[in-house]
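Engineer: Have a look at the structure that comes next, please.
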Amino acid sequence: MRFGPGWKADPSIRRALPAYLREAPALTGRGWTARPTRHPPVCRPCRRTENRFHGRQSDRDHAGMDLAAWHLTHDLDDFLTRGTGFLRSRPALHTVPLTVTDMLRRQGLHVYGDGAPLFGTLEDARGGVRAVLFHTPPQALSLTPLAAQDAMALAERLADLRHPVTRISAERDTAEAFADAWPLRTGVTAVLDARQRLYRLVELAVPEPPPAGRARVAGPGDRELLMRWHDEFVVAAGLRMGREPGEWADARLAYGGITLWEAPDGTPVSMAGATPEIAGQVRVAPVYTPAHLRGRGYAGAVTAEVSRAALERGATEVLLFTDLANPTSNALYQRLGYRGVADFATYAFED
């Protein structure tokens with residue numbers, strides 16, 4: 133809030149200010165600027181941050197305003213009815229909720245864990261969806277981009293419901309906003325767990341020359357290998373186990389979702405996966421090469437092949453995530469023609 137040169141701090145105006153500004157030092161001086169605290173109060177009815185022009189108004193004062201509220205449910209069909217149009221409006225940015233909810237629909241609600249999934253849509257008074265969330269315990273709560281005040285309101289709502297949240301994963305600013313708000317409501321400590329970048333394929337550049345060998349789609353005979361590499365990938369990437377390795381391998385084999393690069397003697401040396409196409413987007417994941425085989429171009433070759441195959445099948449967006457702490461993989465994917473879309477962050481909450 134910024135006050136002009138002629139502004140005077142008479143008591144009546146000062147009383148009209150929200151509490152966190154009334155407690156500020158004397159409001160005097162030309163061009164004085166009142167800076168709100170990091171977490172200013174939020175108006176409960178409309179979830180706007182309080183300021184001189186918007187205090188804690190009554191419901192009557194809010195009549196006719198275009199308010200937004202969270203609709204929370206454990207019903208996947210209800211969530212998809214409300215949120216699918218919104219998710220498909222930006223398939224690249226919404227790649228994770230699109231693919232996760234598709235997996236839940238096809239494989240069952242407990243495919244990622246025994247806890248009951250929670251879904252939510254942030255809807256305005258006309259039913260328009262502004263954001264969505266999903267939570268498949270014990271995995272992280274996942275949010276699409278939110279304004280800071282909406283993240284604060286969500287934290288308050290989930291805390292009131294005593295819904296357990298141990299981690300948050302979202303676009304960077306949204307994750308930071310929720311990581312600021314959740315400890316205020318629960319007393320936990322937020323710790324940055326990971327930073328990722330979402331990439332989109334702009335123009336595929338196949339590595340030249342490619343490493344010796346060839347690509348092939350994994351088959352049932354590769355199941356044990358896929359299970360072992362899945363476990364190794366989870367450990368190497370510092371991830372939490374989302375599914376049993378056998379279930380994961382069976383699901384990928386069912387639709388040809390893993391491609392292997394094999395050496396000239398037929399030995400598999402690297403793998404890259406791809407999600408099913410939804411709303412025109414395919415996400416490349418996981419990409420894994422055993423430690424003793426790295427640095428030979430296998431990961432780049434198999435990733436390029438998976439990307440090429442996705443485009444050939446009609447995907448309009450080919451995407452992947454990288455760990456920003458790994459400069460090698462970020463440089464590799466950029467050489468293949470991938471460009472950054474958005475940065476994401478994951479925070480863990482500790483007692």
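For what it's worth, the working numbering labels the leading residue of the sequence shown as 133, then goes sequentially. Ideal Cβ positions, reconstructed from N, Cα and C, are used throughout, including at glycine.
1. Where R355 and R237 are concerned, what is the direct C-alpha to C-alpha distance, given to the nearest angstrom?
2. Quick one: residues in its chain with C-beta nearer than 8 Å to the C-beta of R348, no 5 flanking neighbours on either side, listed in chain order?
3. In whole angstroms, what separates the C-alpha of L159 from that of D312?
4. List the whole-angstrom C-beta distance separating F476 from S221, where the pair is believed to meet the contact cut-off of C-beta under 8 Å.
5. On the three-state DSSP scale, how would you describe P490?
6. Would you say the segment 270–290 touches the segment 242–254, given that touching needs at least three Cβ pairs under 8 Å?
7. Taking the alpha carbon of P408 as the point to measure from, which residue in R214, V232 and P269 has its own alpha carbon closest?
8. Where does T399 land, buried or exposed, given buried means 16+ other C-beta within 10 angstroms?
9. Quick one: is H424 buried, meaning 16 or more other Cβ sit within 10 Å of its Cβ, or exposed?
10. What span of residues does the beta strand (DSSP E) with M403 cover, start to end?
11. Consult DSSP for H267 and reduce its assignment to one of helix, strand or coil.
12. For the beta strand (DSSP E) containing Y470, list its first residue and its last residue.
13. On the criterion of 16 or more Cβ atoms from any shown chain inside 10 Å, does R294 qualify as buried, or is it exposed?
14. Taking contact to mean at least 3 C-beta pairs separated by less than 8 Å, is the segment 335–352 in contact with the segment 429–437?
15. Indicate whether V450 and V401 have their beta-carbon atoms separated by less than 8 Å.
16. Let me make sure I understand the geometry here. Which of V297, M403 and L464 has the alpha-carbon closest to that of A480?
17. If you count every other CB in all the chains shown that lies within 10 Å of the CB of A303, and 16 or more means buried, which is it?
18. Within 10 angstroms of the Cβ of R445, are there 16 or more other Cβ atoms? Answer buried if so, exposed if not.
19. What does DSSP give as the partner residue(s) for R237 in the beta ladder?
20. Only counting the same chain, and skipping five residues up and downstream in sequence, which positions put a Cβ closer than 8 Å to that of A272?
21. For R467, does the count of other Cβ atoms within 10 angstroms reach 16, so buried, or fall short, so exposed?
22. Going by DSSP, what residue range makes up the beta strand (DSSP E) through V444?
23. Specify the secondary structure class of P459 as computed by DSSP and reduced to three states.
24. Where does D246 sit, in a helix, a strand or coil, going by DSSP?
25. Using three-state DSSP, classify R346 as helix, strand or coil.
26. Please report how far the alpha carbon of P200 lies from the alpha carbon of E308, in whole angstroms.
27. Nearest CA to the CA of V419: which residue from Q328, A369 and T205?
28. Between the alpha carbons of H203 and P396, how many angstroms are there, rounded?
29. In or out: H362 buried (at least 16 other Cβ within 10 Å) or exposed?
30. Going by C-alpha distance, which of G388, R384, G432 and A263 is nearest P103?
31. If you count every other CB in all the chains shown that lies within 10 Å of the CB of H226, and 16 or more means buried, which is it?
32. With DSSP run on the structure shown, which of helix, strand or coil describes L290?
33. Measuring CB to CB, does M359 end up less than 8 Å from V366?
34. Short of 8 Å in beta carbon distance, which residues of its chain neighbour G196, apart from the five on each side in sequence? Order them along the chain.
35. Please tell me whether T306 and L278 are closer than 8 Å, where the distance is taken between their beta carbons.
Structural biologist: So, from the data block:
1. Across the structure, R355 and R237 are spaced so that their CA atoms are roughly 24 Å apart.
2. Taking R348 as the centre and dropping the five residues before and after it, the same chain places the C-beta of T391, L392 and E394 closer than 8 Å to its C-beta, in chain order.
3. Interpretation of L159 is limited by its pLDDT of 34, a score under 50 that renders its predicted location unreliable; the figure taken from the coordinates is listed afterwards. Rounded to the nearest whole angstrom, the C-alpha separation of L159 and D312 is 28 Å.
4. The beta-carbon separation of F476 and S221, rounded to 19 Å, does not stay under the 8 Å limit for a contact.
5. For residue 490 there is no data in the structure shown, the boundaries of the chain being 133 and 483.
6. By the criterion of at least three beta-carbon pairs nearer than 8 Å, the segment 270–290 is in contact with the segment 242–254.
7. The candidate whose alpha carbon is nearest that of P408 is V232.
8. It is exposed - the Cβ of T399 has fewer than 16 other Cβ atoms within 10 Å.
9. Under this definition H424 is an exposed residue.
10. Looking at the DSSP string, the run of the beta strand (DSSP E) that includes M403 is P400 to A406.
11. For H267, the three-state secondary structure derived from DSSP is strand.
12. That run of the beta strand (DSSP E) goes Y470 to E482.
13. Of the residues assessed, R294 falls on the exposed side of the cut-off, its CB having fewer than 16 other CB atoms within 10 angstroms.
14. Touching, yes.
15. Between V450 and V401, the gap from beta carbon to beta carbon reaches 8 Å or more.
16. With distances taken between Cα atoms, A480 lies closest to V297.
17. Inspection of the sequence shows that residue 303 is occupied by Glu rather than by Ala. Counting Cβ neighbours within 10 Å, E303 comes out buried, since at least 16 surround it.
18. Classification of R445: exposed, given that the 10 Å Cβ count is below 16.
19. According to DSSP, which records beta bridges pairwise, R237 is partnered with nothing at all.
20. Apart from sequence neighbours up to five positions away, the residues of its chain that approach A272 with a beta-carbon distance below 8 Å are T298, R299, I300, S301 and T478, ordered along the chain.
21. With fewer than 16 Cβ atoms within 10 Å of its Cβ, R467 is classed as exposed.
22. According to the sequence displayed, residue 444 carries Glu and not Val. Counting along the chain, E444 falls outside any beta strand (DSSP E), though it belongs to the alpha helix (DSSP H) covering Y430 to E444.
23. The three-state reading of DSSP puts P459 in helix, counting H, G and I together.
24. The answer is coil: DSSP assigns D246 none of H, G, I, E or B.
25. Residue state, collapsed to three classes: strand.
26. With the sequence shown as reference, residue 200 is identified as Ala, and Pro is not the correct amino acid for it. Take the alpha-carbon of A200 and the one of E308: they are about 21 Å apart.
27. Measuring C-alpha to C-alpha distances from V419 to each of Q328, A369 and T205 identifies A369 as the nearest.
28. H203 and P396: Cα-Cα distance of roughly 55 Å.
29. Under this definition H362 is a buried residue.
30. This structure leaves residue 103 out entirely; the chain is present only between 133 and 483.
31. With 16 or more Cβ atoms within 10 Å of its Cβ, H226 is classed as buried.
32. L290: helix per DSSP, three-state reduction.
33. Taking 8 Å as the Cβ cut-off, M359 and V366 do not qualify as a contacting pair.
34. Below a pLDDT of 50, predicted positions are generally treated as unreliable, and G196, at 44, falls in that range; the measurement from the model is reported next regardless. Around G196: no qualifying Cβ.
35. Taking 8 Å as the Cβ cut-off, T306 and L278 qualify as a contacting pair.
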